[in-house]
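A.B. asks: For the sequence shown, counting from 1, position 389 maps to 388 in numbering that gives the first Met the number 0; every step adds exactly one. First, the structure itself, so that you have it in front of you.
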Amino acid sequence: MDGRTRRAAMRTGICMALIWALSAPAAVFGQETAPTDDSSGADSEGWAESWLDDFEFFGLIRIRPELHSNADFTSSTNDHADYVGQKARFGFEKSFRTYYTLRVSVQDSRVWGGAPGSDSGASTANADSNDSLDLDEAWLGWQGSGAFSVRLGRQHLQFGDSRLVSASDWSNVGRSFDALRLSATTSFWQGDLWGAVLAEEDSDFGANNTGVGNANPSGVSLSCNDSGTSCTVSASTPREIDDAYFAGFHNSFFWGAHLLTDLYYLGVYRKYIQSSTPTYTIPGAEITTEDRSRQRDNLHTAGLRLTNRTENGRAVIPFDWTAEAAWQTGTTGRERDASWDYLGQSVILAGIDGVPLNNADGSQRTARVYKEKEVYRAWAAAADIGLSLFERALRIGAEGAVGSGDPNRNDGTYATFTGLFGSAHEHLGQADLISWQNVRAGSVNLTLRSDDWGMLRLSYWEFYKHRRQDAWYAANGSALSGLSTESSANARYTTQTASDGTVSTPVAQLGRMLYREYDILYVLSFDNVVLAAGYSFMLGGDALRNEIDGVYENPATRRPRFEPRSDFAFLSFQYSF
0 MDGRTRRAAM RTGICMALIW ALSAPAAVFG QETAPTDDSS GADSEGWAES WLDDFEFFGL
60 IRIRPELHSN ADFTSSTNDH ADYVGQKARF GFEKSFRTYY TLRVSVQDSR VWGGAPGSDS
120 GASTANADSN DSLDLDEAWL GWQGSGAFSV RLGRQHLQFG DSRLVSASDW SNVGRSFDAL
180 RLSATTSFWQ GDLWGAVLAE EDSDFGANNT GVGNANPSGV SLSCNDSGTS CTVSASTPRE
240 IDDAYFAGFH NSFFWGAHLL TDLYYLGVYR KYIQSSTPTY TIPGAEITTE DRSRQRDNLH
300 TAGLRLTNRT ENGRAVIPFD WTAEAAWQTG TTGRERDASW DYLGQSVILA GIDGVPLNNA
360 DGSQRTARVY KEKEVYRAWA AAADIGLSLF ERALRIGAEG AVGSGDPNRN DGTYATFTGL
420 FGSAHEHLGQ ADLISWQNVR AGSVNLTLRS DDWGMLRLSY WEFYKHRRQD AWYAANGSAL
480 SGLSTESSAN ARYTTQTASD GTVSTPVAQL GRMLYREYDI LYVLSFDNVV LAAGYSFMLG
540 GDALRNEIDG VYENPATRRP RFEPRSDFAF LSFQYSF
């Protein structure tokens, strides 16, 4: 039995188990809820009323103009952006047969004017408009008579302070998971066990074709010049994604009114990447299943969270605090040259009859003798404390966070922390310029609250690199290479240039400060309406200036391009029911 057949058999078994799990409660409890023949006639007259008794409609609409100016701190790039984002969501939730709940919601997310129906801009036409309507939630739940419950389908997952798993409500799109979730609750413990499919390379036998996987076609995107006469074609979906899964086990322990403890495990598992060329470049060589450009990628995260905010996110005393730490291990699926092989021992590759293989430039092709598997070894920590005064009308707080960075991205250890599916907006400044990766951040803040006048929050942040050699990582986790000083090979004394052209700057020339951020946020809630306005002002640091201006690379011949100021502002209107 090959790998694909085994996976198919495993999925069939899982499906059969789910069908049994959902049908078994109906068989057990159906006798208590099924109507008798004698009462069916009388019940039919009030069937519509009884059905609507447990029917709940909900929805929201949010309109948010935003302004982003000079997010890369570079004066030579045109990165000013201002737009109006809109999110509209409508759904229903229905409870039936005592133990079952069905919840379905659809969401439309768009930028005003971003998807006109035609080239003429007539938004009422629908010839070429993008599909912005999608399922936000669609799940079936079963709640037993005890503490156990099951939820199956597209759903939101959010735990703790949302640092690692979040529904990302601030985003104009948000985040949902196609998952099976098992939950149990007692007076002192709540546990959640889930498994989700992040990516699927196999299409079904109908019209649902997947867009991921090396073997599947992908849509294309065009990057064109201003006149549209020259365009670069690229795949819309990254080719390195095949099957990917997300599983976790989150436990909350309630130790009374002053302590809550969270223990959790989060696992992300990605299938190997099939190589597009054979391992050995010889005449007649074929690509086999063993020809892989990357092996299985398994990332394991274990974490601990402690807090005294036990009453709906608030402490019962004026002093509140939260502390969280997480550790990551696993294998990336990549092989690196052995870090302990300082001699760099290699052999000449030979083809048929011992004839050496040559590179395109005519040089002999060689391979390192010793390799090692690249492993995850990363960590992160965060803390948030505050003191509330005048019956919680005033809160003075401080917050800090550290996400590990990688001092040498060419060795066998991946030491940059991965932020998984968290939200940085609530914890690393409202401008969303950074993630919980290779960062050392600190903040002081002041919050004023009034039942009549809303909430006003003032914050000051400082962001530094945890490891100067590593990159600056955006809010979505992508490395912003070329915008800050880096040294991927951990060059200690002189500049090093790798075979692929990557330049590593000496560590002594690397900056550490990324930027400072000043935030102001005002929120006013009344009835079902939430009005919010915010402004952020950022000042770039030496890690950005030294790279953008090329301070150590012939500064006399380079034009200064570093612009230290960056701005962000928004105005939000939301109505929900």
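From the three backbone atoms N, C-alpha and C, an ideal C-beta is built for every residue, glycine too.
Relative to the C-alpha of Lys93, which residue among Asp168, Gln85, Val103, Glu373 is closest?
C.D. replies: Position 94 of the sequence shown holds residue 93. The shortest Cα separation from Lys93 among Asp168, Gln85, Val103, Glu373 belongs to Val103.
A.B. asks: Tell me the DSSP secondary structure of Ala507 in three-state form.
C.D. replies: In the sequence shown, counting from the first residue as 1, residue 507 sits at position 508. Ala507 falls in the helix class under three-state DSSP.
A.B. asks: Alpha carbon to alpha carbon, what distance is there between Arg564 and Phe576?
C.D. replies: Here residue 576 refers to the residue found at position 577 of the sequence shown. Here residue 564 refers to the residue found at position 565 of the sequence shown. Straight-line Cα distance between these residues: approximately 40 Å.
A.B. asks: Within its chain, find whatever has a CB closer than 8 Å to the CB of Glu546; leave out the 5 residues flanking it on each side and keep chain order.
C.D. replies: Taking the first residue of the sequence shown as 1, we reach residue 546 at position 547. Hits under 8 Å: Gly481, Leu482, Ser483, Thr484, Glu485, Gly510.
A.B. asks: Could you check if Lys372 is buried or exposed, using at least 16 other CB atoms within 10 Å of its CB as the buried criterion?
C.D. replies: Walking along the sequence shown from the start, residue 372 turns up at place 373. Lys372 is exposed by the Cβ-count criterion.
A.B. asks: Give me the residue from Leu265, Asp135, Glu65 with the minimum Cα distance to Gly194.
C.D. replies: Start at 1 with the first residue of the sequence shown, and residue 194 comes out as number 195. Here the closest residue by C-alpha is Leu265.
A.B. asks: Residue range of the beta strand (DSSP E) that Arg61 falls in?
C.D. replies: For the purposes of this step, residue 61 is identified with residue 62 of the sequence shown, where counting begins at 1. Its beta strand (DSSP E) spans residues 54-68.
A.B. asks: With respect to the beta strand (DSSP E) encompassing Leu393, which residues constitute its N-terminal and C-terminal limits?
C.D. replies: Counted from its first residue, the sequence shown places residue 393 at position 394. Run containing Leu393: 393-402, per the beta strand (DSSP E) assignment.
A.B. asks: Could you give the C-beta distance for Leu427 and Ala440, rounded to a whole number, given that I count them as a contact under 8 Å?
C.D. replies: Against the sequence shown, residue 427 aligns to sequence position 428. Against the sequence shown, residue 440 aligns to sequence position 441. Yes, Leu427 and Ala440 are in contact; Cβ-Cβ is about 6 Å, under 8 Å.
A.B. asks: Return the chain-ordered list of same chain residues with a C-beta closer than 6 Å to the C-beta of Phe248, the five sequence neighbours on each side being excluded.
C.D. replies: Within the sequence shown, numbered from 1, the residue matching residue 248 stands at position 249. Closer than 6 Å at the Cβ level, and outside the excluded window around Phe248, lie Leu192, Tyr264.
A.B. asks: Buried or exposed: which applies to Glu55, given that a residue is buried once 16 or more other Cβ atoms fall within 10 Å of its Cβ?
C.D. replies: Within the sequence shown, residue 55 is the residue found at index 56, counting from 1. Its Cβ having fewer than 16 others within 10 Å, Glu55 is exposed.
A.B. asks: At the 8 Å Cβ level, is Pro406 part of the contact set with chain B, yes or no?
C.D. replies: Structure shown: chain B not included; a single protein chain is present.
A.B. asks: Is it the case that the Cβ atoms of Phe95 and Gly58 are separated by a distance below 8 Å?
C.D. replies: Locating residue 95 in the sequence shown gives position 96, where the first residue counts as 1. Locating residue 58 in the sequence shown gives position 59, where the first residue counts as 1. Not closer than 8 Å, so no.
A.B. asks: Please classify Ile272 as buried or exposed, where buried requires at least 16 other C-beta atoms within 10 Å of its C-beta.
C.D. replies: Against the sequence shown, residue 272 aligns to sequence position 273. Answer is buried; the Cβ neighbour count reaches 16.
A.B. asks: Near Glu461, what residues of its chain come up, given a Cβ to Cβ distance below 6 Å and the 5 sequence neighbours on each side ignored?
C.D. replies: Here the question's residue 461 lines up with position 462 in the sequence shown. So the qualifying residues of the chain are Gly441, Arg515.
A.B. asks: Going by alpha carbons, who is nearest to Gln363 out of Val346, Tyr369, Lys370, Gly539?
C.D. replies: Looking up residue 363 in the sequence shown gives position 364. Looking at the Cα atoms, Val346 is the closest of the given residues.
A.B. asks: Can you tell me which residues form a DSSP beta bridge with Leu419?
C.D. replies: Along the sequence shown, one-based indexing puts residue 419 at 420. None, per the DSSP bridge assignment.
A.B. asks: Can you tell me whether Ile547 is helix, strand or coil according to DSSP?
C.D. replies: Looking up residue 547 in the sequence shown gives position 548. Helix, per DSSP.
A.B. asks: What number of angstroms, rounded off, separates the C-alpha of Glu323 from the C-alpha of Gly385?
C.D. replies: Taking the sequence shown and counting its residues from 1, one reaches residue 323 at position 324. Taking the sequence shown and counting its residues from 1, one reaches residue 385 at position 386. C-alpha separation (whole angstroms): 15 Å.
A.B. asks: Using a threshold of 8 Å, state whether the C-beta atoms of Arg109 and Ser131 are closer than that.
C.D. replies: In the sequence shown, residue 109 corresponds to position 110, counting from 1. In the sequence shown, residue 131 corresponds to position 132, counting from 1. It is a contact, given that the beta carbons lie within the stated cut-off.
A.B. asks: Between which residues of its own chain and Trp138 is the CB-CB distance below 7 Å, once the five residues before and five after are set aside?
C.D. replies: If you number the sequence shown from 1, residue 138 lands on position 139. So the list reads Arg102, Arg150, Leu151, Gly152, Arg153, Gln154, once near-sequence residues are dropped.
A.B. asks: Less than 7 Å between C-beta atoms, sequence neighbours within five positions excluded: which residues of the same chain meet that for Arg560?
C.D. replies: Position 561 of the sequence shown holds residue 560. Correct list, in chain order: Thr73, Ser74, Ser75, Ile547, Asp548.
A.B. asks: Please identify the residue among Phe252, Phe420, Ser403, Phe204 whose C-alpha is closest to the C-alpha of Gln157.
C.D. replies: Position 158 of the sequence shown holds residue 157. It is Phe420 whose Cα lies nearest to the Cα of Gln157.
A.B. asks: Excluding five sequence neighbours on each side, which residues of the same chain lie with their C-beta closer than 6 Å to the C-beta of Tyr268?
C.D. replies: Within the sequence shown, the letter at position 269 stands for residue 268. If we look at Tyr268 and ignore the five residues flanking it on each side, its Cβ neighbours are Tyr244, Asn297.
A.B. asks: Can you tell me whether Gln468 is buried or exposed, with buried defined as 16 or more other CB within 10 angstroms of its CB?
C.D. replies: Numbered from its first residue, the sequence shown carries residue 468 at position 469. Counting Cβ neighbours within 10 Å, Gln468 comes out buried, since at least 16 surround it.
A.B. asks: Got a sec, what are the start and stop residues for the beta strand (DSSP E) Trp460 sits in?
C.D. replies: By 1-based counting over the sequence shown, the position of residue 460 is 461. Note, Trp460: beta strand (DSSP E), 453-463.
A.B. asks: Flag this pair as yes or no: are the beta carbons of Gly418 and Gln436 separated by less than 8 Å?
C.D. replies: Your numbering for residue 418 matches position 419 in the sequence shown. Your numbering for residue 436 matches position 437 in the sequence shown. Cβ atoms of Gly418 and Gln436: closer than 8 Å.
A.B. asks: By the three-class DSSP mapping on this structure, what secondary structure does Asp135 have?
C.D. replies: Reading the sequence shown from its first residue, position 136 is the one you call residue 135. Of the three classes helix, strand and coil, the one that applies to Asp135 here is strand, per DSSP.
A.B. asks: Let me confirm a value: Ser175 is counted as buried when at least 16 other C-beta atoms fall within 10 Å, else exposed. Which label applies?
C.D. replies: Walking along the sequence shown from the start, residue 175 turns up at place 176. When all chains shown are included, Ser175 counts as buried.
A.B. asks: What do you reckon, are the CB atoms on Leu523 and Ala474 nearer than 8 Å?
C.D. replies: Working through the sequence shown from its first residue, we reach residue 523 at position 524. Working through the sequence shown from its first residue, we reach residue 474 at position 475. No. Outside cutoff.
A.B. asks: Using CA coordinates, which residue listed in Trp169, Glu199, Asp168 is at the minimum distance from Ala178?
C.D. replies: The residue you call residue 178 lines up with position 179 of the sequence shown. If we check each option's Cα against that of Ala178, Glu199 comes out closest.
A.B. asks: Pull up the distance between the alpha-carbon of Ala423 and that of Ser487, whole angstroms please.
C.D. replies: As a first step, residue 423 is located in the sequence shown; it is residue number 424 there, counting from the start. As a first step, residue 487 is located in the sequence shown; it is residue number 488 there, counting from the start. Approximately 25 Å between the Cα atoms of the pair.
A.B. asks: What separation, rounded to the nearest whole angstrom, lies between the Cα atoms of Ala70 and Glu562?
C.D. replies: Numbered from 1 along the sequence shown, position 71 holds the residue referred to as residue 70. Numbered from 1 along the sequence shown, position 563 holds the residue referred to as residue 562. Using only the alpha carbons, I get a separation of about 10 Å.
A.B. asks: State yes or no: is the C-beta of His299 within less than 8 Å of the C-beta of Gly255?
C.D. replies: Locating residue 299 in the sequence shown gives position 300, where the first residue counts as 1. Locating residue 255 in the sequence shown gives position 256, where the first residue counts as 1. Taking 8 Å as the Cβ cut-off, His299 and Gly255 do not qualify as a contacting pair.
A.B. asks: Less than 8 Å between the CB atoms is what I'm expecting for Thr309 and Phe253, so what's the real figure, rounded?
C.D. replies: Your numbering for residue 309 matches position 310 in the sequence shown. Your numbering for residue 253 matches position 254 in the sequence shown. Indeed, because the Cβ distance is near 7 Å, the residues count as touching under 8 Å.
A.B. asks: I'd like the list of long-range same chain contacts for Pro24, defined as Cβ closer than 6 Å, with 5 residues on each side in sequence excluded.
C.D. replies: If you number the sequence shown from 1, residue 24 lands on position 25. Residue placement at Pro24 is flagged as unreliable, the pLDDT there being 43, under the threshold of 50; a coordinate-derived value is accordingly withheld.
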